[in-house]
Each structure stands twice: as structure tokens, then as C-alpha cells.
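Protein chains in written order, with the working numbering: chain A, 246 to 755; chain B, 246 to 755.
Written out as C-alpha cells, the structure is:
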């Protein structure tokens with residue numbers, strides 16, 4: 246009898262064989278997964294030796310209920326021509342599939358359930374050892390976040406001076422890292438790695454953490470490359486063929502996990518030896534390899550990559566000015582996720598010392614205009630365990646308020662808010678007048694959300710479309726919802742309390 | 246014996262004559278004021294009839310101590326070939342002359358005393374009748390403002406539905422203004438004015454109010470044209486030759502008042518029938534006519550006039566984003582006065598509902614980076630007397646804090662702050678690193694001011710220039726100054742309290 250796999254779960258095939266030479270480089274393994282007329286080609290990967298034999302695996306995420314079969318091709322006879330079958334069953338309770346772009350500016354799970362990225366960032370939480378990593382997972386279980394930005398490679402940076410539990414390649418660092426290198430970029434890579442041999446344990450660890458997030462309903466926005474190495478390990482300076490090999494290996498290992506997103510880099514423009522053509526190439530490589538077509542993006546420091554390129558599924562933006570969200574939506578025609586707008590904290594960096602209030606204003610500005618904004622926390626503590634990098638616990642005042650915002654956004658009619666105003670996005674003129682808005686979004690004529698931030702109006706006037714509406718006043722700081730009128734029609738004045746942090750939602754009555 | 250006039254005060258000559266025809270159009274009067282080899286040509290103006298005879302006047306602001314003489318030329322024989330003399334004495338106590346641009350980005354009075362525009366806006370306070378106007382003057386006497394934006398012509402707009410005490414031309418409005426016109430622009434002018442005849446009483450009233458401000462040490466930033474008429478009087482729609490005649494008449498009457506600035510328009514770009522060439526022409530006309538070369542600027546709604554044009558002395562900007570000040574300084578190479586960044590208040594307009602906190606943040610951002618920012622207040626009250634337009638009293642929480650900011654700015658070494666950072670302004674890299682600043686300004690290596698706004702760092706690191714420095718922590722909301730270190734040199738960490746609204750000033754020790 247065939248094994249059964251729930252839809253959007255992953256099936257893993259394991260094959261043992263004697264390997265000669267370098268199993269990473271010398272053995273090819275492709276597995277074709279077939280469902281009816283559909284064929285999903287998947288690359289297998291070498292996962293190290295067990296009981297004296299080499300272990301190869303191949304993974305697939307079946308996305309359709311019914312009978313599936315598979316067969317292998319390999320240059321290693323023992324791995325070639327194998328085949329099997331399995332049954333894809335209905336998904337497990339609460340499983341909705343991988344996240345996709347819908348309706349131009351928004352996201353939904355594969356089964357159509359709306360998905361709203363309310364992200365946080367713990368860049369290298371997964372390189373901190375089990376005790377802290379498990380604490381991070383406990384924190385996340387009670388936090389409002391539906392996406393985590395995290396790095397494949399370890400990080401050397403301010404407040405990031407520790408070594409990871411293990412390394413991605415065979416080899417051991419020798420000597421002591423020179424702290425003065427932290428001010429330098431493009432430090433040549435050290436020579437103690439065997440870039441021809443991955444360390445499977447490193448990737449098994451990464452997989453475990455991605456699946457831990459999956460169990461919590463959190464998407465893993467996986468940062469493939471980043472510049473924060475400064476000669477510590479040289480993972481930012483690897484040759485092109487090694488980068489390609491990393492990408493192939495990651496796709497082979499991870500693409501079957503439904504909660505994986507590919508973020509090609511953090512602050513790609515700080516990796517100055519890589520050109521736009523290099524990034525284009527890496528994007529297209531993964532686009533070609535990934536049988537499940539996970540979301541793909543790239544994150545900037547200063548200048549943007551051209552998010553309009555066809556292999557980019559959505560904009561991943563670092564910027565402090567959230568009033569530009571509607572402009573980016575119009576410019577790129579894709580969802581805008583401002584993954585980094587500054588972090589709540591108190592450290593000596595401008596990006597890491599936002600008050601909770603300021604971060605919350607940025608969140609509301611971005612979400613109200615149809616974008617998505619990401620969180621991070623950088624409160625200093627004597628252990629130098631800052632959430633933004635290592636995870637651990639949260640202490641900021643923005644977190645519960647982001648939870649409130651998430652509730653508000655989840656209550657918007659699907660797929661979500663479009664920006665409002667005559668701003669070139671092609672969206673309709675909102676009932677407040679575009680010149681007179683702080684921030685506004687809408688879902689057709691059924692739902693409007695207006696946000697006033699640091700403004701304190703005592704009244705706002707709306708020219709409503711046909712029909713009757715009701716209004717609610719949202720206190721974004723105190724997290725309250727108060728009725729603000731029902732049976733509204735035509736031109737109406739809605740009273741506000743004359744204090745900051747207010748929003749109004751106006752909904753068509755049934 | 247010759248009369249005596251203190252330096253930078255104004256002398257007024259008055260001549261009576263029988264006038265035939267239209268004395269405004271048919272009589273020319275020029276007076277040449279001569280001091281040594283210097284000749285200041287001034288236009289006289291008709292000021293109406295007294296005791297049955299026409300009265301012509303000519304005014305001059307002598308700007309150099311010593312003997313002056315004058316002589317007239319006119320097509321009216323009774324006014325032609327007259328001459329006289331006077332002595333210019335040292336200035337009265339506290340009089341420093343008209344304000345000029347100094348050191349590219351700053352202002353000073355003619356005697357070199359630094360002048361910092363800390364402006365407010367009461368667009369038509371001078372058209373409200375004596376009771377309210379005198380209340381406004383009493384309010385100003387206790388307020389921190391050194392500049393007032395005010396209009397020559399009355400205003401019809403939201404909260405501005407009253408008639409002025411008198412009108413600038415001979416004629417009387419007939420009929421009732423149609424309120425629906427307030428949504429329209431470019432309403433044709435009514436036909437009940439005699440644009441060939443000014444009403445001198447109107448201009449005498451304006452002069453009185455300008456001199457009232459002068460007595461309080463406040464510059465009158467006089468808005469010559471504006472679009473807020475909507476068919477009430479048609480003063481926004483006058484033919485070109487009438488506009489020219491208005492400018493000539495205003496220069497003739499007002500240029501001798503040392504506290505006059507010429508602001509060619511408020512929101513010039515909303516006067517859509519006027520082209521850039523029209524504004525160029527009006528600028529150049531006043532530039533040619535004004536013997537005292539008062540400051541000249543023009544204020545935008547959306548797009549900017551090209552402030553780099555040579556007849557513009559400084560940028561008068563409406564914009565909400567004060568982080569752009571350094572960019573505008575670099576772009577135009579002139580002082581930047583953000584006369585309108587939104588107003589503290591609670592009305593239903595985005596520009597009129599800033600919290601005191603938000604206005605204060607905008608002030609500090611702009612001033613810290615070497616610009617100047619203007620105030621206004623729009624709290625609704627049942628009389629609809631909003632300070633921003635009619636004057637009256639102030640109730641906002643920003644005013645005392647602007648007074649504190651003014652003290653801070655006045656304590657900067659002259660001429661004032663230049664923007665800090667590698668921002669293309671040619672200014673030096675500041676000791677915080679330009680990528681890591683919220684806002685920063687400096688006066689050479691002697692003085693640095695850093696502002697943190699809605700950020701809450703607990704520490705900031707500075708790489709100080711050679712020498713020893715002391716630091717003070719400024720709480721911009723609570724208006725306190727606290728020592729934050731002395732004898733500082735090299736790379737130093739300065740502790741901050743981890744709350745918003747903080748600034749640091751770092752001064753070279755003597």
C-alpha cells in the first residue's frame with residue numbers, strides 16, 4: 246500500500262548507496278514527481294553518511310490530492326531508475342499551502358486563505374544554540390508575527406561576535422578574527438573551508454528551525470546571502486560556482502517546505518563585488534530550479550534592485566519613509582513588504598533606536614496604504630542578546646499594538662487594502678480627498694481604513710459612495726475599537742477625539 | 246536746520262498739489278535720495294486728498310549715517326524740482342536694520358546682528374478690525390516669533406468668510422457671495438472695482454500693522470498675491486497691468502519700512518492662470534523698483550518655483566518632510582525657510598491637525614539641519630477665529646517649546662548651523678557619521694547640534710575633531726538643559742536617557 250502524505254506537507258525519499266569520489270559534486274540525482282499529466286522535476290541531495298553508506302534524499306511538496314508517483318535518474322547506478330508511488334491526502338487541519346501573490350498587491354495561501362505578512366526579524370536566531378533558539382520559539386508562539394526574516398549564513402556584526410554551533414562547509418576556522426575588520430567590507434575569504442563539501446548537519450539544523458516555524462504558522466523568509474561577515478568566515482565572498490552550488494543545495498533541501506521564501510540577500514548593495522547581473526543570475530537559477538516556485542525577493546540598503554523584474558515576486562524594501570508605499574506599489578505593480586523600517590530599541594544607531602510609538606506609526610502608515618511592514622527589536626541588554634539578531638525575548642511596547650493592527654488587517658475584506666488616492670496607482674479617489682489624507686486604503690467601496698498618526702483632528706469629512714456605512718474609531722495605541730456612527734450616507738462628518746494615534750474604519754452595512 | 250532721521254528708520258516727504266485727472270495714473274513723481282556719491286531713486290505715491298488738495302508722499306530708509314538730500318521730478322509742475330536735506334543719525338536703541346542673507350544659508354540684520362526667522366502665520370490678521378488686531382499684537386508681544394506671514398489682500402477660504410474693514414480699490418462689493426464658489430478656482434473677477442484707483446485708507450491700515458510688528462521686532466513677510474479669493478473680490482484674477490500697478494504702489498509705500506519682506510505669493514501654483522514667466526516678471530519688477538532690496542521669495546503648494554533664480558533671495562517652502570532641508574540648501578544654495586510644514590491644531594484638514602509634538606519634531610528637524618521652520622495654529626473654536634488666519638490668542642503646546650528652541654538656535658555661534666553630513670552640501674562629515682544621523686548641524690568645528698526626535702537611544706558615539714569639548718543634553722519637550730560631559734576628546738560615548746525628544750549640543754571648550 247502506498248504511503249500517504251497530506252497536501253502541502255512534504256514527502257522525503259531516502260536512498261542509501263556507496264559513494265565514490267565527492268558525493269556532492271560527482272553524483273547527480275533527479276527525481277521526477279508525477280501527478281496525472283503534471284511532472285515536477287526535483288533535485289536530490291547528498292545528506293552525509295549513515296551506517297557507513299551515503300544517504301541521498303529527495304523531497305517534494307505534493308500540492309494536489311490524489312495519486313502521485315516518482316522515479317529517479319542518476320549517474321550512480323544504485324540511485325538510477327528507482328520508482329515509487331504515494332497518495333496525497335487532504336491537508337492537515339490548519340494547513341493552507343505555500344503563500345502566493347494574489348490580486349497584484351497581496352498574498353494568500355495556496356487554498357485561497359488570505360495571508361498578511363506581519364513579519365519580524367531575528368537574523369541569526371537559528372545560529373545561537375538550542376537553548377536560546379527554543380526560547381525564541383516560545384516567544385514567537387505568543388507573538389503576533391506571521392513571518393520571520395532569518396539568514397542561512399551566520400553573522401558577524403555589532404552585537405554579533407559569537408560563532409555558530411556548526412558550519413556549512415567542511416573545515417574549521419583557524420586563528421582569531423581581527424575585530425578591526427568590522428569596519429571593512431570585501432575582506433578576502435579565509436582558506437580553511439572545503440567549499441566542495443557541505444556539512445549536512447548545518448543544513449539539517451536549518452531545516453529543523455524552518456519546520457519549527459512552520460509548526461507555529463510562521464513563514465521563513467530565508468536570507469540566502471548577506472554582507473555581515475567581515476572576514477569572520479568569508480561566506481559573503483565565495484566564488485560564483487560556490488554560490489550557485491549553495492543555491493542548488495538549498496533548493497534541493499528546502500523547496501518542499503511550504504513556509505520557505507527566498508530572500509536573495511539582505512542589503513544586497515553592500516555586497517559590492519556582486520553586480521546586478523550576478524543577482525539576476527541567482528534569481529533566475531532559483532526560479533528555474535524551484536519546483537514549487539516559492540516567493541522571491543531581495544532586500545536593499547540604499548538603492549533598490551529593480552523589483553519590476555519578472556523573477557521578483559514582491560518588493561522587499563528597507564526604508565524609513567512609509568508614506569512612499571503607494572508609490573512603490575504603483576512603480577513595481579507587486580506587493581510591497583517594508584521588511585526593515587527601523588527597529589524599536591535604544592541602541593546608538595539610528596536604525597535601532599525607534600521609540601515604540603514611532604515604529605507603530607510606521608507600521609500603520611504602511612499597512613493602511615496597502616503595504617506590509619516588518620518588526621524588529623534592538624533593546625540593549627548586558628548579554629547583548631538583541632531580538633533583531635539573536636532572538637530570545639521581546640520587551641518592546643510595539644508588540645501588543647502590532648497584534649492589534651494584525652487583527653484590524655485580518656478583518657479587512659480579502660485580499661486586503663489597496664492604496665487610496667489619486668496617486669498614480671490606478672486606485673480610486675478615496676472619500677477624504679487624496680490631498681487631505683494622512684494615510685488611507687480601501688477594498689473597493691466596501692471598506693475604508695484611514696489613519697491619522699501624529700495628527701489630532703476632531704473631525705473628518707467623508708464623501709461616501711452610494712449606500713449606507715458604519716464607522717469605528719480605532720485607538721492604535723490603546724488598542725480600543727469604538728463605534729463612530731451607523732447608517733451613514735452621502736457627505737458625513739465623523740467626530741474624533743482630538744488626540745494622536747487614531748484610525749477610522751468605514752464599512753458598508755450589510 | 247535739517248530734520249534728523251535715525252538710521253534704518255524711514256523718512257516721509259509729503260507734498261500737496263491740485264490733481265487733475267486720475268492722480269494714481271496721470272501723475273508721476275520720482276524722488277532721488279542722495280548720500281555722498283550714492284543715489285537712491287524712489288517712486289512717490291498718491292495718498293488721497295486732504296483739505297481739498299491731493300497728497301503725494303515719498304519715503305526712504307536712510308541706511309548710512311550723515312547728510313542726505315533729495316530732489317523731485319514730476320510731470321505735475323507743483324511737484325517737480327522740489328528739494329531738501331536731512332541728517333541720518335545713529336540708529337535707535339535695538340534697531341539693527343533690514344534683514345539680509347549672510348553666509349549663503351543664513352540671515353543677519355544690516356548691522357551684522359544675527360537674525361533667525363522663527364516665523365508664525367496669521368494670513369489676514371490685519372483684515373480683522375482693530376479689536377482683534379490689537380489682541381493679536383498683544384499675543385505676539387509675549388510669543389517667540391520673529392517673523393509674521395501676512396497677506397496684502399483679504400482671504401476667502403474655510404473659516405474665512407468675513408469681509409475686511411475696507412477695500413484696496415475704489416468700489417463696493419454688490420450682491421452676495423455664493424458659498425459654492427469656494428470649491429472653484431479661477432473665478433472671473435467682479436466688475437464693481439475701479440482698478441484705476443487705489444483706496445489709500447486700505448494701504449494706510451496695512452502700513453500701521455507693519456509698523457506695529459516692527460515695534461515688536463517682528464519681520465513682516467508680506468504675501469503680495471494669493472489664490473484664496475474664490476470670486477469674493479477677484480483680487481487673485483486682476484489683469485497684469487493692475488498687478489504691476491499694485492506692486493509699484495506697494496514698493497513706493499512700504500519699501501522704506503525696514504521689516505518688510507516681499508513674498509510674491511502664497512501657493513503660487515494654485516493661481517493657475519499665472520505662468521512662471523509672469524512670476525519671473527513680477528519678481529524682476531520689484532527687484533528693479535525696490536531701492537532697499539528687501540528679501541524676496543515665493544511660496545508653493547505642490548511644485549516649487551525655481552528658487553535658484555537670481556531674484557530669489559531665499560527659499561520659502563511648503564513641505565511636511567523636514568528631512569529634506571539639507572537637500573534644498575544644497576540644491577538652491579540659499580537659506581531655506583520652511584514657512585509651512587503644517588499647523589498645530591485639530592481641524593479636519595491634514596495640514597491643520599498636527600499634534601504639538603509632531604510640529605515640534607518638524608521644527609527641530611528643520612532647524613538642526615540649518616533651515617528655518619514656521620509655525621501656525623489651527624485649533625477650532627466657536628468663533629472660528631483660527632490663529633493661522635485671523636490671529637487672536639494662542640493655545641498650543643508647541644509655542645513655549647518653540648521659544649526654547651529659539652533660545653537654543655540663538656546660542657549657536659553666528660551666523661548659524663550648516664547641515665552636517667556627506668549630503669552633497671559641501672559641508673563636513675559630522676562626528677556621528679552621516680548614515681547614522683537623525684538630524685545634525687554644525688558651526689565649523691566649534692559647535693555641533695544633534696537631534697533624535699522620535700528615537701530613544703541610550704548612547705551615541707562621536708568621533709570628535711581635535712580639541713576638547715563639552716556636551717549638553719537638551720530635552721526639547723520638557724525644555725531642560727543638562728550637562729552631559731566636559732573635557733571630551735577623541736571618540737566618546739555620550740549617554741542619553743532612552744526617551745524621545747532629546748537633542749545634544751557639543752561645544753568646543755574655550
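Every residue, glycine too, gets a C-beta built ideally from N, C-alpha and C.
| Item | Value |
| --- | --- |
| Could you tell me which residues DSSP pairs with residue 714 (chain A) in its beta bridges? | A:733, A:753 |
| Examine the Cβ distances between the stretch 634-643 of chain A and the stretch 380-398 of chain A and report whether three or more of them are shorter than 8 Å. | yes |
| Just how far apart, CA to CA, sit residue 342 (chain B) and residue 585 (chain A)? | 51 Å |
| Please confirm if the stretch 500-512 of chain B is in contact with the stretch 444-461 of chain B, defined as three or more CB-CB distances below 8 Å between the two stretches. | yes |
| Can you tell which of B:620, B:262, B:581 has the C-alpha that lies nearest to the C-alpha of residue 648 (chain B)? | B:620 |
| Residues of chain A with CB closer than 9 Å to the CB of residue 445 (chain B), please, in chain order. | The contacting residues do not exist; residue 445 (chain B) stays about 39 Å from chain A at best. |
| If we count the other Cβ atoms within 10 Å of its Cβ and call it buried at 16 or more, is residue 672 (chain B) buried or exposed? | Low local confidence applies: a pLDDT of 40 at residue 672 (chain B) is under 50, so the model's placement there is unreliable, with the coordinate-based value given in what follows. Classification for residue 672 (chain B): buried. |
| Could you please give the first and the last residue of the uninterrupted beta strand (DSSP E) stretch that includes residue 441 (chain A)? | 438-443 |
| I'd like to know whether the C-beta atoms of residue 404 (chain A) and residue 634 (chain A) end up nearer to each other than 8 Å. | yes |
| Whole angstroms is fine: what's the gap from residue 645 (chain B)'s alpha carbon to residue 390 (chain B)'s? | 11 Å |
| Which of the three DSSP states is assigned to residue 635 (chain A) in this structure? | helix |
| Residue 314 (chain A) and residue 329 (chain A): beta carbons closer than 8 Å? | yes |
| Residues of chain A with a CB under 7 Å from the CB of residue 682 (chain B): which are they? | 595 |
| Should residue 745 (chain A) be flagged as near chain B, meaning a C-beta pair shorter than 8 Å? | yes |
| Out of curiosity, what's the CA-to-CA distance linking residue 670 (chain A) and residue 416 (chain B)? | Confidence at residue 670 (chain A) is low in this model, with a pLDDT of 38, below 50, so the placement of that residue is unreliable and no value is reported for it. |
| Would residue 663 (chain A) be called buried (16 or more neighbouring beta carbons within 10 Å of its own) or exposed? | buried |
| Quick one: what's residue 706 (chain B) bridged to in DSSP? | B:738 |
| Taking 8 Å as the cut-off, decide whether the C-beta atoms of residue 545 (chain A) and residue 514 (chain A) are in contact. | yes |
| Answer with yes or no whether the minimum CB distance from residue 526 (chain A) to chain B is below 8 Å. | no |
| Less than 8 Å between the CB atoms is what I'm expecting for residue 324 (chain A) and residue 258 (chain A), so what's the real figure, rounded? | Contact flag wrong, Cβ pair sits at about 10 Å. |
| Can the beta-carbon of residue 187 (chain B) be found less than 8 Å from the beta-carbon of residue 552 (chain B)? | A question about residue 187 (chain B) goes unanswered here, because the residues of chain B that appear run from 246 up to 755. |
| Just the Cα atoms here: how many angstroms apart are residue 256 (chain B) and residue 286 (chain B)? | 14 Å |
| If the cut is a Cβ gap below 7 Å, which residues of chain B does residue 591 (chain A) touch? | 701, 702, 703, 743 |
| Is the beta carbon of residue 299 (chain A) closer than 8 Å to that of residue 268 (chain A)? | yes |
| Of all the options A:420, A:707, A:556, A:652, which has the alpha carbon lying nearest to the alpha carbon of residue 477 (chain A)? | A:420 |
| Can you find the residues in the same chain that come closer than 8 Å, C-beta to C-beta, to residue 570 (chain B), ignoring five residues on each side of it along the sequence? | 581, 583, 610, 611, 614, 615, 616, 664 |
| Can you tell me where the alpha helix (DSSP H) with residue 351 (chain B) in it begins and where it stops? | Note, residue 351 (chain B): premise wrong, no alpha helix (DSSP H); beta strand (DSSP E) at 351-354. |
| According to the neighbour-count rule (16 or more other Cβ atoms, all chains shown, within 10 Å of its Cβ), is residue 371 (chain B) buried or exposed? | buried |
| At 3 residues or longer, what runs of the beta strand (DSSP E) sit wholly inside the stretch 489-513 of chain A? | 505-510 |
| Taking Cβ to Cβ, would you say residue 593 (chain B) is nearer than 8 Å to residue 706 (chain A)? | yes |
| Going by beta carbon distance, what residues of the same chain come within less than 8 Å of residue 740 (chain B), once the five residues before and after it are set aside? | 703, 704, 729 |
| For residue 669 (chain A) and chain B, any beta-carbon pair shorter than 8 Å? | Because residue 669 (chain A) sits at a pLDDT of 38, beneath the cut-off of 50, its placement in the model cannot be relied upon, and the following sentence gives the value as read from the coordinates. For residue 669 (chain A), the answer is no, since every Cβ of chain B falls outside 8 Å of its Cβ. |
| Name the DSSP bridge partner or partners of residue 295 (chain A)? | A:298 |
| Hey, is residue 674 (chain B)'s beta-carbon within less than 8 Å of any beta-carbon in chain A? | Any reading at residue 674 (chain B) needs caution, since the residue's pLDDT is 48, under 50, leaving its predicted position unreliable; the model's value is listed next. So, not an interface residue. |
| Only counting the same chain, and skipping five residues up and downstream in sequence, which positions put a Cβ closer than 8 Å to that of residue 253 (chain A)? | 306, 307, 308, 336, 340, 341, 342, 343, 355, 503 |
| Could you compute how far the alpha carbon of residue 692 (chain B) sits from the alpha carbon of residue 652 (chain B)? | 15 Å |
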